[in-house]
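A quick write-up on the structure given underneath.
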Amino acid sequence: MTETATGTAIVILAAGKGTRMKSRVPKVMHPMAGEPLLNHVVATARVLAPERLVLVLGPDMKDFAHSMPEAEVVIQQERLGSGHALLTARQALDGFTGDVLVLYGDVPLITPETLCALLEARRRGAAVAVLAFEPLDTAAYGRLELGPDGGLERIVERLDSNHSQAALTLCNSGIVAVDGQWLFTLLDKIENNNAKGEYYLTDIVACARALGLDCVYTMANEQEVLGVNDRVQLAEAEAELQNRLRHVAMKNGATLIDPASVWFSRDTQLGSDVTIGPHTWFGPGVSVADGVEIRAFCHLEGAMVGEGATIGPYARLRPGAEIGPGAHIGNFVEIKKARIEKGVKINHLSYIGDARVGAAANIGAGTITCNYDGFTKSLSDIGEGAFIGSNSALVAPVVIGEGAVVAAGSVIVSDVTADAIAVARGEQSERKGAAARRRARKNSGQGKE
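Given below as structure tokens:
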């Protein structure tokens, strides 16, 4: 199940400073698999099709609010704890009485299936449902205390726990589902008499039990609820997500020669029968059609690769690269903002930027499109079936006609008509016997300085 019934609101708490990241960038905006942490949580929330989606951001994050147009953004002016953060969403949730699901912008690996199970547990009559887990190391987490009947009685934060509570192994992920009819009644009862002087959302369980309301918990695995508080945990979350993405890619019909060395973005799209060599990196916005081979040590971002094309090894496709069916992009070739049509061969050591290369054209080693004059970018248009000799420079704007041949070593500054041969290089001269005379002079000592 990946959808909830109607009447669900999701609030994502993302106002924390993230001081342990030691960065001027807000914690939830640090990238993972090509997108900010917060985007991953929002994407998961959208799978649940909530009636309302609310983001709680810090006062230093107002500039990021415009990047989330599908959500209502509220600002927590003072950071007084997670309970206080949820209280700032009071107006955004005004009149809402369905399920309220509370997520965190720094917990990016949670899955829709786990959240649906949590919501289902709450709908069976509980006022509050808490997502729990059992980590290998419990030291950093609050604990769930259960009653004699196995029901949830309270959550004790780590800093406020006594010796017996610290020995408990059932830990709090922070994620909760609350009956919207009770939400703000319970939040208003939370006090800040704790070690940090903050309003803990975790106290909502004790407040609910004090009113005789039932509270329950469901389980998640430790990887799903990994919180990102520093760069080490960011790397751990990235590694876990990459393993998921690799698994999905292979299950869907792609071959990864060395899975551990291939890195995807969350939005990478792969067709069937794609083969990916070791040490390949996919940035955001890459789409790869069926039957493509991407050889080792390639770097792709913002690129589209057509059916049956071959990329690499050691190729770089930059944003705007469109590689046609059956094209060959070889070693140490860089393509940027260029349309490479069907069957084109660019096999070695070339830069093609701001260009169109017509079907079946051949681009020799060392060819450069000189697209920038220091002020503006200009287009190179290479016609169908054209042949560009090695070590040629095409100074844009320039048009090479269909079937035209550019001789090796040429610097082309003017258009070349269809089926013409263009030669633009210094004339070769030859002095017969000069090499022998030079050797004789050197050997006799006359050439010494």
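Going by this note's numbering, the sequence shown opens with residue 25, and the numbers climb by one from there. Note that the Cβ used here is the ideal one computed from N, Cα and C, for glycine as well. Fair warning: this is a prediction, and the values are worked out from it, not measured in the lab.
Let me check one thing: in DSSP terms, what residues is residue i bridge-paired to?
| i | result |
| --- | --- |
| Lys360 | Gly377 |
| Cys140 | Answer by DSSP bridge pairing: none, since Cys140 is not bridged. |
| Met328 | Ser311 and Glu346 |
| Thr334 | Glu317 and His352 |
| Ala33 | Arg76 and Val124 |
| Met56 | Glu59 |
| Ile214 | Answer is none; Ile214 lacks a bridge partner. |
| Gln293 | Ser311 |
| His372 | Asn355 |
| Phe306 | Leu324 |
| Ala446 | Val430 |
| Arg340 | His323 and Glu358 |
| Ile387 | Ile370 and Ile412 |
| Lys401 | Tyr396 |
| Arg279 | The amino acid at residue 279 is misidentified as Arg; the sequence shows Thr. In DSSP, Thr279 forms a bridge with Thr299. |
| Leu81 | Ala38 and Ile99 |
One question on the structure: do residue i and residue j come within less than 8 Å of each other, judged by their Cβ atoms?
| i | j | result |
| --- | --- | --- |
| Gly354 | Ile370 | yes |
| Val475 | Leu117 | Not covered by the structure: residue 475. The range shown for the chain is 25 to 473. |
| Tyr224 | Ala153 | no |
| Ala38 | Leu79 | yes |
| Arg182 | Tyr165 | yes |
| Ser416 | Ile436 | yes |
| Ala428 | Glu408 | no |
| Leu133 | Gln247 | yes |
| Asp477 | Asn267 | Here the chain covers residues 25 to 473 and nothing more, so residue 477 does not appear. |
| Ser404 | Ala385 | no |
| Val34 | Leu61 | Reading off the sequence, residue 34 comes out as Ile, not Val. It is not a contact, given that the beta carbons lie outside the stated cut-off. |
| Leu194 | Glu158 | yes |
| Leu143 | Ala67 | no |
| Glu346 | Met328 | yes |
| Gly204 | Thr121 | yes |
| Cys239 | Ala333 | no |
| Cys322 | Pro308 | no |
| Glu358 | Arg342 | yes |
| Asn196 | Leu160 | no |
| Ala362 | Gly377 | yes |
| Ser414 | Gly450 | no |
| Ile199 | Leu211 | no |
| Val272 | Leu280 | no |
| Arg114 | Phe208 | yes |
| Leu250 | Ala234 | no |
| Val310 | Thr292 | yes |
Tell me, to the nearest whole angstrom, how far the beta carbon of residue i is from that of residue j; I am working on the premise that it is less than 8 Å.
| i | j | result |
| --- | --- | --- |
| Ile214 | Gly107 | 5 Å |
| Gly489 | Glu325 | Residue 489 cannot be examined here, being either before or after the span of the chain that is shown, 25 to 473. |
| Gly348 | Lys360 | Incorrect: roughly 16 Å between the Cβ atoms, too far for contact. |
| Ala278 | Leu265 | That pair is no contact at about 17 Å. |
| Gln100 | Ala109 | 5 Å |
| Ala57 | Arg290 | 5 Å |
| Thr400 | Tyr375 | Not quite, the Cβ-Cβ distance comes to about 17 Å (not below 8 Å), so this is no contact. |
| Ser434 | Val422 | Not really, about 11 Å apart at Cβ, beyond 8 Å. |
| Gly31 | Glu75 | 6 Å |
| Leu170 | Ala244 | No, Leu170 and Ala244 are not in contact; Cβ-Cβ is about 17 Å, not under 8 Å. |
| Gly301 | Arg319 | 4 Å |
Would you give the residue range spanned by the alpha helix (DSSP H) that residue i belongs to?
| i | result |
| --- | --- |
| Leu111 | Ser106 to Leu111 |
| Glu260 | Arg255 to Lys275 |
| Leu207 | Leu207 to Leu211 |
| Ser188 | His187 to Ala190 |
| Arg465 | Ala458 to Asn467 |
| Arg178 | That residue, Arg178, is in no alpha helix (DSSP H); its beta strand (DSSP E) goes Leu176 to Val180. |
| Val98 | No alpha helix (DSSP H) holds Val98; the beta strand (DSSP E) holding it covers Glu96 to Ile99. |
| Ile228 | Ile228 to Ala234 |
Considering residue i, what are the terminal residues of the beta strand (DSSP E) in which it resides?
| i | result |
| --- | --- |
| Val154 | Val152 to Phe157 |
| Ala201 | Cys195 to Asp203 |
| Met243 | Cys239 to Met243 |
| Ala417 | Ala417 to Val419 |
| Ile392 | Ile392 to Cys394 |
| Arg167 | Arg167 to Leu170 |
| Ile134 | Taken as a continuous stretch (DSSP letters only), Ile134 belongs to no beta strand (DSSP E), as it is neither H nor E. |
| Val423 | Val422 to Ile424 |
| Asp405 | Ser404 to Ile406 |
So, does the CB of residue i fall closer than 8 Å to a CB anywhere in chain D?
| i | result |
| --- | --- |
| Lys369 | Among the protein chains of the structure shown there is no chain D, as only one such chain exists. |
Under the criterion of a Cβ to heavy atom distance below 7 Å, does residue i qualify as lining the ligand GDP?
| i | result |
| --- | --- |
| Val35 | The ligand GDP is not part of the structure shown, which contains no ligands of any sort. |
Taking 8 Å as the cut-off, does the segment 168-179 touch the segment 132-146 (at least 3 CB pairs, one atom from each stretch)? The answer is no - the segment 168-179 does not touch the segment 132-146, with fewer than three Cβ pairs under 8 Å.
Is the segment 213-227 close to the segment 45-63, with three or more CB pairs under 8 Å? Touching, no.
I'd like to know if the segment 79-96 and the segment 184-197 are in contact, where contact means that at least 3 CB-CB pairs between them fall below 8 Å. Flag = no, the segment 79-96 and the segment 184-197 do not touch.
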